[in-house]
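> Each residue of the sequence shown is one higher than the one before, counting from 335 in the numbering used here.
Here you go, one structure.
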Amino acid sequence: PRVTGLRCDSCVLGAYGFPHCEVGSCNPAGLQTADPSLAPGSCACRAYVEGPACDRCKPLYWNLTPENPYGCLSCKCDTRGTISGIAECQQGDGQCFCKPNICGQFCSTCKDGYFNMENANYF
Numbered sequence: 335p336r337v338t339g340l341r342c343d344s345c346v347l348g349a350y351g352f353p354h355c356e357v358g359s360c361n362p363a364g365l366q367t368a369d370p371s372l373a374p375g376s377c378a379c380r381a382y383v384e385g386p387a388c389d390r391c392k393p394l395y396w397n398l399t400p401e402n403p404y405g406c407l408s409c410k411c412d413t414r415g416t417i418s419g420i421a422e423c424q425q426g427d428g429q430c431f432c433k434p435n436i437c438g439q440f441c442s443t444c445k446d447g448y449f450n451m452e453n454a455n456y457f
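Here it is as structure tokens:
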């Protein structure tokens, strides 16, 4: 219940804490202040966090943790190696979305047999 996504790997809007997907409160990891009893929608999120329950990182950020004062880390993708030149990454593991012949978490390395990584090169 309260699980969504193509792979059933995230919580529905207003719920947080996959796989338990709690509702009716704010995610403490994403809050500016430590009061998770606030109702969804009235939560004050940290700088790089969004959602009614402050339960997910904004685009271009990942790894929501209470230890991070901003809530999430920057993706740090190399836009020369990313699809569409966007520095967005997967929320769960920070893996950037690489062009077909580019590899590495940050899309910063050409696969064997390829060279000349540039923004203008699709492959």
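Quick reminder that beta carbons are idealized off the backbone N, C-alpha and C, glycines included.
1) When DSSP labels each residue in this structure, what does Ala-387 get in the three-state scheme?
2) Output the distance between the C-alpha atoms of Ala-387 and Pro-393, rounded to the nearest integer angstrom.
3) Can you find the residues in the same chain that come closer than 7 Å, C-beta to C-beta, to Cys-444, ignoring five residues on each side of it along the sequence?
4) Exposed or buried, what is Phe-449 when buried is set at 16 or more other beta-carbons lying within 10 Å of its beta-carbon?
5) Give me, in chain order, the residues of the same chain whose beta-carbon lies closer than 7 Å to that of Gln-425; leave out the 5 immediate sequence neighbours on both sides.
6) Using the beta-carbon count (16 or more within 10 Å), is Arg-380 buried or exposed?
7) Give the secondary structure of Ile-420 by DSSP, where H, G and I count as helix, E and B as strand, and everything else as coil.
So, from the data block:
1) Residue state, collapsed to three classes: coil.
2) Spanning the two alpha carbons is a distance of roughly 16 Å.
3) Contacts found: Asn-435, Ile-436 and Met-451.
4) With fewer than 16 Cβ atoms within 10 Å of its Cβ, Phe-449 is classed as exposed.
5) So the qualifying residues of the chain are Arg-390, Cys-391 and Trp-396.
6) So Arg-380 ends up on the buried side.
7) DSSP places Ile-420 in coil when its eight states are reduced to three.
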